[in-house]
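First comes the structure, then the notes that go with it.
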Amino acid sequence: MAFYELSDLGDTPLINGITLKAIYGENLSASFLELPSFSRVPPHHHSNEQIGIVLQGEIEYTIGGETQVCHEGMAFVIPPNVCHSLVVVSERPAKLVDVFTPIRKASEHVYAS
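Numbering-wise (our numbering), the sequence shown opens with residue -14 and increments by one.
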C-alpha cells in the first residue's frame, strides 16, 4: 500500500508518555512521534541512519557530543552507531518525523515500553 491516513495508524507507546506511529517501505521506515513537554529519550545508538524533522515544539538534541536546540522546521541527521539523546524543552508538546534506513521497527526502539 502506498497511501496512509495517520489517524488510521496504531500508536506504539514508548517511555515517558511518548507515542509513535510507523510506516514501513522496502528499505526505509518513517516514525511520527508525539512527545509530552519536558519528556526525555536517554542516550542510545543504533545501526540505522536517521533523519528527523521537528514539526512542533522545541527539542534539545545531543548527537555525538554536540548539543543543539531544534525548533519547528529544523532537521537533523544522525549517522549509524552515533550516540544521541533528546529532551523536549518547550511547554508545548513536540511532534517530529524520523526516517530510518534500513528499516527500524517500532519494537526496536531502545526506549520502547
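Even for Gly, the Cβ is constructed at its ideal location relative to N, Cα and C.
Taking C-alpha atoms, which residue in the options lies nearest to residue i?
i      : options                      : result
S32    : D(-7), A7, C68 and F61       : C68
E19    : E11, G10, I88 and K6         : K6
K90    : D(-7), E45, T(-3) and Y(-11) : T(-3)
V26    : I0, G10 and L(-9)            : I0
Y(-11) : P64, G10 and V39             : G10
Y85    : S70, R77 and P65             : According to the sequence displayed, residue 85 carries Phe and not Tyr. Ranking S70, R77 and P65 by Cα distance to F85 puts P65 first.
S22    : Q35, R77 and A(-13)          : R77
Can you check whether the CB of residue j is closer than 8 Å to the CB of residue i?
i   : j   : result
V74 : E51 : no
L40 : V82 : yes
List the residues that DSSP assigns as beta-bridge partners of residue i.
i      : result
L71    : V26 and Y46
E57    : According to DSSP, which records beta bridges pairwise, E57 is partnered with nothing at all.
F17    : K6 and V82
P(-2)  : T4
I63    : Q35
E(-10) : Answer by DSSP bridge pairing: none, since E(-10) is not bridged.
E51    : I48
How far does the beta strand (DSSP E) with residue i in it extend, from its first residue to its last?
i   : result
P40 : Looking at the sequence provided, one finds Leu at residue 40 rather than Pro. Unbroken beta strand (DSSP E) run through L40: E34 to Q41.
Is residue i buried or exposed, if buried means 16 or more other CB atoms sit within 10 Å of its CB?
i     : result
L(-6) : exposed
Q53   : exposed
G37   : buried
L(-9) : exposed
A79   : buried
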